[in-house]
Amino acid sequence: MDGLTPVHELLERSADRQGDAVALEHGDITLTYGEIEQGANRVATRLRELGVVRGDRVGLLAENGRAYVEGFFGILKAGACCVALNHANKARTHAALLADSGSVGLITTAARVARDLPDIVQGAPSLRFVVVDRVGPSWDLPAAVQVLKDEDVAAADDTRVSGAADLEDLCAILYTSGSTGLPRGTTLLHRNLAANTRQILGYLHLTADDSVHCVLPFHYSFGNSLLLTHFAVGGRVVVDNRFAYPAAVVDSLERSRATSFSGVPSNYAILAAKTDFLRRPWPHLRYLTQAGGGMTPALTRRLLDELPSHVRLFVMYGQTEASARLSYVPPERLREKLGSIGIAIPGVTLTIRAEDGRSVAGVDISPFISNLPFGKDTSSFSTRDASGSTSQAANIMEAIEAGARVLLIDEDTSATNFMIRDGRMQRLVAKGKEPITPFVDKVGQLRRDLGVSTLLVMGGSGDYFDAADTVIMMDEYIPVDVTARAREIARAHGIGRAREGGERFGEVRARRPLPASIDPSRGGRGPRIAARGLSAILFGEHAIDLSRVEQIVDAAQARAIGDAILYARERYLDGRATLAEALARVERDLAEKGMDVLSPHRRGDYAMPRMLEVAAALNRLRTLECA
Numbered sequence: 000m001d002g003l004t005p006v007h008e009l010l011e012r013s014a015d016r017q018g019d020a021v022a023l024e025h026g027d028i029t030l031t032y033g034e035i036e037q038g039a040n041r042v043a044t045r046l047r048e049l050g051v052v053r054g055d056r057v058g059l060l061a062e063n064g065r066a067y068v069e070g071f072f073g074i075l076k077a078g079a080c081c082v083a084l085n086h087a088n089k090a091r092t093h094a095a096l097l098a099d100s101g102s103v104g105l106i107t108t109a110a111r112v113a114r115d116l117p118d119i120v121q122g123a124p125s126l127r128f129v130v131v132d133r134v135g136p137s138w139d140l141p142a143a144v145q146v147l148k149d150e151d152v153a154a155a156d157d158t159r160v161s162g163a164a165d166l167e168d169l170c171a172i173l174y175t176s177g178s179t180g181l182p183r184g185t186t187l188l189h190r191n192l193a194a195n196t197r198q199i200l201g202y203l204h205l206t207a208d209d210s211v212h213c214v215l216p217f218h219y220s221f222g223n224s225l226l227l228t229h230f231a232v233g234g235r236v237v238v239d240n241r242f243a244y245p246a247a248v249v250d251s252l253e254r255s256r257a258t259s260f261s262g263v264p265s266n267y268a269i270l271a272a273k274t275d276f277l278r279r280p281w282p283h284l285r286y287l288t289q290a291g292g293g294m295t296p297a298l299t300r301r302l303l304d305e306l307p308s309h310v311r312l313f314v315m316y317g318q319t320e321a322s323a324r325l326s327y328v329p330p331e332r333l334r335e336k337l338g339s340i341g342i343a344i345p346g347v348t349l350t351i352r353a354e355d356g357r358s359v360a361g362v363d364i365s366p367f368i369s370n371l372p373f374g375k376d377t378s379s380f381s382t383r384d385a386s387g388s389t390s391q392a393a394n395i396m397e398a399i400e401a402g403a404r405v406l407l408i409d410e411d412t413s414a415t416n417f418m419i420r421d422g423r424m425q426r427l428v429a430k431g432k433e434p435i436t437p438f439v440d441k442v443g444q445l446r447r448d449l450g451v452s453t454l455l456v457m458g459g460s461g462d463y464f465d466a467a468d469t470v471i472m473m474d475e476y477i478p479v480d481v482t483a484r485a486r487e488i489a490r491a492h493g494i495g496r497a498r499e500g501g502e503r504f505g506e507v508r509a510r511r512p513l514p515a516s517i518d519p520s521r522g523g524r525g526p527r528i529a530a531r532g533l534s535a536i537l538f539g540e541h542a543i544d545l546s547r548v549e550q551i552v553d554a555a556q557a558r559a560i561g562d563a564i565l566y567a568r569e570r571y572l573d574g575r576a577t578l579a580e581a582l583a584r585v586e587r588d589l590a591e592k593g594m595d596v597l598s599p600h601r602r603g604d605y606a607m608p609r610m611l612e613v614a615a616a617l618n619r620l621r622t623l624e625c626a
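Numbering that gives the first Met the number 0 numbers the first residue of the sequence shown as 0 and each following residue consecutively.
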């Protein structure tokens with residue numbers, strides 16, 4: 000994206016444009032952009048005097064307020080990366096995360112840290128300094144760790160410090176909640192956060208007149224995003240750290256006259272249940288935003304029903320790993336899209352990677368799936384609701400049937416039980432009780448029997464070493480050929496499992512689509528085929544889900560695919576032609592006559608698809624039947 004700047008320049012630009020405008024309110028404290036900028040410069044100056052250089056990590060442990068905001072931007076101005084810590088964590092967790100991140104310093108104003116700082120420093124050997132708001136009387140800190148107080152920072156030069164970092168530098172490390180173990184750090188570049196900030200501004204249409212009443216902590220990705228988006232446009236951030244007293248928050252929101260409020264589902268549930276939030280008129284509120292988990296349809300409906308009609312509700316989806324927010328449901332469509340994560344924000348592409356629930360029509364999946372309950376046949380398998388492993392088996396067999404000669408498979412988006420079955424699981428579940436033959440036992444047969452190669456992105460199982468012709472390892476983003484080493488490991492360490500799946504891959508059944516099952520009409524009124532972006536084709540009264548057909552890169556391809564299916568049905572799919580034969584004839588016509596053959600109207604808005612994508616789309620038509 001052109002025009003992006005490092006994150007600290009968001010503050011600098013707002014300070015230059017409107018230095019006297021209110022940037023932050025926290026209780027009785029009101030700070031302008033100019034004052035925040037000066038405070039951040041003082042932090043940056045002192046950090047540089049302490050030896051902080053570009054790329055260093057500095058921990059920040061504080062509640063929402065002046066200290067956090069100036070500390071965050073000051074760390075970035077110094078060229079360092081901010082390691083944002085949750086003040087609610089225990090000392091041992093703070094120490095572990097500082098050690099994990101390699102932080103050279105810690106800025107903190109959290110009151111409980113005064114007691115715990117010696118333990119934190121002891122557990123984080125990389126620390127060279129700490130900046131605190133108070134000094135514990137009995138601290139026994141290592142001599143190598145320098146201790147500074149707030150007033151030492153306040154006395155520093157406030158001349159602008161900038162330019163030490165660029166867009167490709169690490170900006171922040173935000174840690175997960177640690178609900179299933181130790182929190183995990185997400186590394187975010189200046190480019191990540193700057194781009195996401197711009198994208199959010201694109202759909203919320205924020206201006207300098209906007210303000211947010213913020214109860215979400217800034218160390219949390221959603222809270223951090225609220226700070227950055229409002230500082231980017233010169234808006235106002237009202238800090239309220241008292242959500243334990245929700246009625247007080249409601250009163251404060253009314254007094255602040257903020258134009259927005261943001262929360263996670265539990266925030267809204269508490270406000271609805273324990274306060275009069277839904278009964279107040281809120282003349283100043285323009286919108287509410289919600290992320291951080293799925294909100295129940297019942298609560299969503301209640302908000303829509305009881306809030307004033309002028310207050311728009313944005314239900315959003317995001318991930319810390321993706322810089323914060325990724326998608327939103329347009330408020331005007333929220334009632335009809337309850338439970339949806341909505342549409343991608345500008346500049347974001349969403350892909351649904353799991354394909355549980357896709358339809359399968361007469362596919363021979365027996366090379367991979369057998370011994371189904373009740374003796375269900377898998378040599379001509381049909382279902383309206385395929386599991387993850389079954390859909391992956393069908394995807395592979397359909398691709399081979401359509402002529403694919405190379406398969407690209409990513410472990411991260413595969414069904415685990417389809418990819419591997421280790422020795423321990425073999426001992427626990429006998430083969431006669433297990434319907435799936437894992438891909439590891441078939442990948443070599445695919446190449447040998449059918450001439451189909453596989454490019455597999457794998458990080459979880461070395462069992463594939465035995466089958467691989469070439470093993471490439473990424474070493475600090477550099478590809479390295481480690482085939483010889485992988486084979487040595489395979490020879491020295493057996494796989495500890497029995498091979499499954501027989502000696503040969505098996506047959507690839509040539510299906511014959513029935514034309515009557517490919518009906519683009521809508522109630523007898525003629526064909527209706529329309530692309531819905533890259534993700535779907537409206538085909539008659541049914542939608543073909545293309546969300547997993549990731550090779551489609553333009554809506555013009557989707558349009559061509561929809562019309563190619565109709566073209567094949569009208570000319571070649573007569574109940575006797577195989578799918579592969581019909582597609583080959585369509586491909587020949589397109590090559591000889593051009594894409595105008597797909598439509599009598601010379602639309603001019605087609606892009607050439609591969610027949611593999613046409614086959615993938617047809618296979619996902621839920622009415623499809625095959626002989």
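Built from N, CA and C at the ideal position, the CB exists for glycine as well. None of the values given here were measured: they were computed from a predicted structure.
How many Å lie between residue i and residue j at the Cα?
| i | j | result |
| --- | --- | --- |
| Ile344 | Arg183 | 26 angstroms |
| Leu23 | Ser261 | 16 angstroms |
| Val57 | Ile199 | 27 angstroms |
| Ala614 | Ser388 | 20 angstroms |
| Arg558 | Ser224 | 37 angstroms |
| Val112 | Thr288 | 32 angstroms |
| Ser390 | Val405 | 18 angstroms |
| Ala20 | Thr31 | 5 angstroms |
| Gly162 | Ala14 | 16 angstroms |
| Gly341 | Ile551 | 20 angstroms |
| Tyr605 | Asp588 | 15 angstroms |
| Leu84 | Gly50 | 22 angstroms |
| Ala626 | Ala491 | 49 angstroms |
| Asn487 | Ala297 | In the sequence under discussion, the amino acid at residue 487 is Glu, which differs from the Asn named in the question. Rounded to the nearest angstrom, the two C-alpha atoms are 58 angstroms apart. |
| Arg629 | Ala66 | Residue 629 cannot be examined here, being either before or after the span of the chain that is shown, 0 to 626. |
| Thr107 | Asp132 | 7 angstroms |
| Asp209 | Thr258 | 6 angstroms |
According to DSSP, is residue i part of a helix, a strand, or is it coil?
| i | result |
| --- | --- |
| Ile368 | strand |
| Ser381 | strand |
| Tyr316 | strand |
| Tyr327 | strand |
| Asp19 | coil |
| Phe538 | strand |
| Met294 | coil |
| Ala66 | helix |
| Phe128 | strand |
| Met473 | strand |
| Glu499 | coil |
| Leu654 | The displayed coordinates of the chain run from 0 to 626. Any statement about residue 654 would go beyond what the structure contains. |
| Gly162 | coil |
| Asp89 | The amino acid occupying residue 89 in the given sequence is Lys; Asp does not appear at that position. Looking at Lys89 - three-state DSSP - the assignment turns out to be coil, as it is neither helix nor strand. |
| Glu487 | helix |
| Asp544 | strand |
| Val479 | strand |
Residue i: buried (16+ other C-beta within 10 angstroms of its C-beta) or exposed?
| i | result |
| --- | --- |
| Lys441 | buried |
| Val428 | exposed |
| Arg197 | buried |
| Asp411 | exposed |
| Thr206 | exposed |
| Asp376 | exposed |
| Lys592 | exposed |
| Met424 | exposed |
| Asp474 | exposed |
| Lys273 | exposed |
| Pro599 | exposed |
| His218 | buried |
| Thr436 | buried |
Closest to residue i by CA distance: which of the options is it?
| i | options | result |
| --- | --- | --- |
| Lys76 | Lys148, Val249, Asp55 | Asp55 |
| Arg383 | Ser369, Ala401, Ala398, Val362 | Val362 |
| Gly632 | Leu105, Ala94, Arg301, Leu449 | This structure gives no information on residue 632, because the portion of the chain shown stretches from 0 to 626. |
| Gln444 | Gly292, Tyr316, Gly501 | Gly501 |
| Gly539 | Ile560, Arg527, Phe504 | Arg527 |
Who are the near neighbours of residue i in its chain, counting only those whose CB is closer than 7 angstroms to its CB and skipping five residues on each side?
| i | result |
| --- | --- |
| Asp99 | Gly184 |
| Ser413 | Gln391 |
Enumerate in chain order the residues of its own chain whose CB-to-CB distance from residue i is below 6 angstroms, with the five nearest sequence positions on each side excluded.
| i | result |
| --- | --- |
| Asp409 | Val456 |
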